[in-house]
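Novice:
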Amino acid sequence: VETPLLVGTERSDGGPPVTDEQFHAFLDEVVTPRFPDGLTVQTGYGQYRDAGGVIERERSYELLLLYPVAEYPAHDADIEQIRKEYLTRFAQESVARVDDQTTADF
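Here is the structure:
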């Protein structure tokens, strides 16, 4: 299964944007313990319509997770915990999640 998580860096509470250092600490503390076999992070720029209807543009990250289909039930809970923690820690309105079956070889 391939699960990208799309996360922004602008905070809904008006606080300062998430820094690279803060994001890397989040990876070390929250993501890596749940996915120790590896992951990929890409930086980007994205936009979305916030709860107030305003188009928000921001620096973003795509966190790409790959894992066997048989591990989906266990990793589903892990991924939801990652999303919940990012929302709380960085005052986000949402963290996008996309699940897709894929073929990968390492």
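Residue 90 in this note's numbering sits at position 90 of the sequence shown, with consecutive numbering throughout.
Each residue gets a CB set at the ideal place from its N, CA and C atoms; glycine is no exception.
All figures in this text were calculated on a predicted structure; none of them were measured in a lab.
(1) So for Ala70, helix, strand or coil by DSSP?
(2) Quick check on DSSP: helix, strand or coil for Asp105?
(3) Does Val41 come out as helix, strand or coil in the three-state DSSP assignment?
(4) Any idea which residues DSSP pairs Val7 with across the strands?
(5) Note down, in chain order, each residue of its chain lying with its Cβ closer than 6 Å to the Cβ of Arg57, except the 5 sequence neighbours on either side.
(6) Starting from Phe26 and walking both ways along the alpha helix (DSSP H), at which residues does that stretch end?
(7) Are Thr82 and Val30 closer than 9 Å when you measure CB to CB?
(8) State the DSSP-derived secondary structure class of Ala91, mapped to helix, strand or coil.
(9) Taking the beta carbon of His75 as the centre, do at least 16 other beta carbons fall within 10 Å, making it buried, or is it exposed?
(10) For Gly44, I'd like the list of residues in its chain whose CB is within less than 8 Å of its CB, leaving aside the five on either flank, ordered along the chain.
Specialist: Once the coordinates are examined:
(1) Three-state DSSP puts Ala70 in a helix.
(2) When DSSP states are grouped into helix, strand and coil, Asp105 belongs to the coil group.
(3) Val41 sits in a strand when the DSSP states are folded into three classes.
(4) For Val7, which the question treats as bridged, DSSP gives the partners Tyr61.
(5) Gln47, listed in sequence order.
(6) Asp20 to Phe26
(7) It should be pointed out that residue 82 corresponds to Ile in this sequence rather than to Thr. The answer is yes: Cβ separation under 9 Å.
(8) coil
(9) buried
(10) Arg59, Ser60, Tyr61 and Glu62
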